[in-house]
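Enquirer:
Numbering (our numbering), first residue to last: 6 to 252.
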């Protein structure tokens, strides 16, 4: 690995608490067809997740792609094994939310990635279902988070896509645990009993509630904590922004 690429990888890793799927299940082909892997193209290094928004765009976390050179990244889609990419998509443009702020609880941690060659929907690859304006989730709602991240804290990365069931946390509880830094445009989820959830390499990936993309993996205290919920960008807060820029 060249020194420049190593610097880029380190920069991505420390851009935010880059949350892995702990205690998860290996996904079957076509089970999560909207999931993508963002990779350093030359060395096929997975660093973040994302979801296929439409023919041209992927939705992911801002901290995954802020300041990264376009030519270095490719989107891999349609696969449950990063060693066997079904569809590769070089990047044409990245749009990070204008008010993304890593010093304020990673608020507005959302970005749109435009690909050069369009996504063609199939059994293995399709657009993520989106929430409607005003659609809300409540505490204890069942949720699914997925990704290609590591399976244990500081563990080796997996090549396989995993998913796990967790639940939406009470917003007031989450805010209290994090000393009142959580914004209304963020939501929290975890399992309060079993150690399972996301961690390193899952950032930018989807949190699905009622079959719709309600969250984008943003940050966490550590991996799959049963006391401190993980924090996600609340997608319903950004529907107008998405419509404005994903064209």
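Beta carbons are placed, not taken as given, at the ideal position from N, Cα and C, and that holds for glycine.
Helix, strand or coil: which one does DSSP assign to residue 247?
Expert: Helix.
Enquirer: Please classify residue 23: does DSSP put it in a helix, a strand, or coil?
Expert: Any reading at residue 23 must be qualified, since the residue scores a pLDDT of 41, below 50, and its modelled position is unreliable; the value itself is stated next. The answer is coil: DSSP assigns residue 23 none of H, G, I, E or B.
Enquirer: Identify the residues that DSSP records as bridge partners of residue 213: which are they?
Expert: The partner list for residue 213 (beta bridge, DSSP) reads 149, 218.
Enquirer: Suppose the cutoff is 8 Å on Cβ atoms and the five residues either side in sequence are ignored; what does the same chain contact list for residue 120 look like?
Expert: 61, 62, 63, 80, 94, 95, 96, 97.
Enquirer: Could you tell me the alpha carbon to alpha carbon distance between residue 114 and residue 108, rounded to whole angstroms?
Expert: Taking the straight line joining both Cα atoms gives about 11 Å.
Enquirer: Just mark residue 153 as buried or exposed, buried being the case when its beta carbon has 16 or more other beta carbons within 10 Å.
Expert: Its Cβ being crowded by 16 or more others within 10 Å, residue 153 is buried.
Enquirer: Got a sec? Which residues, its chain only, sit under 8 Å from residue 190 by beta carbon, not counting five neighbours each side?
Expert: Here the set comprises 112, 113, 238, 239, 242, 243.
Enquirer: I need the straight-line Cα distance from residue 65 to residue 75, nearest angstrom please.
Expert: The alpha-carbon atoms of residue 65 and residue 75 are separated by roughly 15 Å.
Enquirer: Smallest Cα separation from residue 222: which of 232, 183, 150, 105?
Expert: The shortest Cα separation from residue 222 among 232, 183, 150, 105 belongs to 150.
Enquirer: Determine the direct distance from the alpha carbon of residue 89 to that of residue 137, and round the result to whole angstroms.
Expert: The alpha-carbon atoms of residue 137 and residue 89 are separated by roughly 34 Å.
Enquirer: Can you tell me whether residue 141 is buried or exposed, with buried defined as 16 or more other CB within 10 angstroms of its CB?
Expert: When all chains shown are included, residue 141 counts as exposed.
Enquirer: Put residue 240 into one of helix, strand or coil per three-state DSSP.
Expert: Reduced to three states, the DSSP call for residue 240 is helix.
Enquirer: Measure from the alpha carbon of residue 171 to the alpha carbon of each residue in 129, 101, 86, 230, then state which is nearest.
Expert: Checked all of 129, 101, 86, 230; the closest Cα to residue 171 is 230.
Enquirer: If we count the other Cβ atoms within 10 Å of its Cβ and call it buried at 16 or more, is residue 143 buried or exposed?
Expert: Counting Cβ neighbours within 10 Å, residue 143 comes out exposed, since fewer than 16 surround it.
Enquirer: Can you tell me the Cα-Cα spacing of residue 155 and residue 70, whole angstroms?
Expert: Each residue's Cα considered, the two are about 19 Å apart.
Enquirer: Run through DSSP, which three-state label would residue 9 get?
Expert: Here residue 9 scores only 46 on pLDDT, less than 50, and its place in the model should not be relied on; the value that follows carries that caveat. Helix at residue 9.
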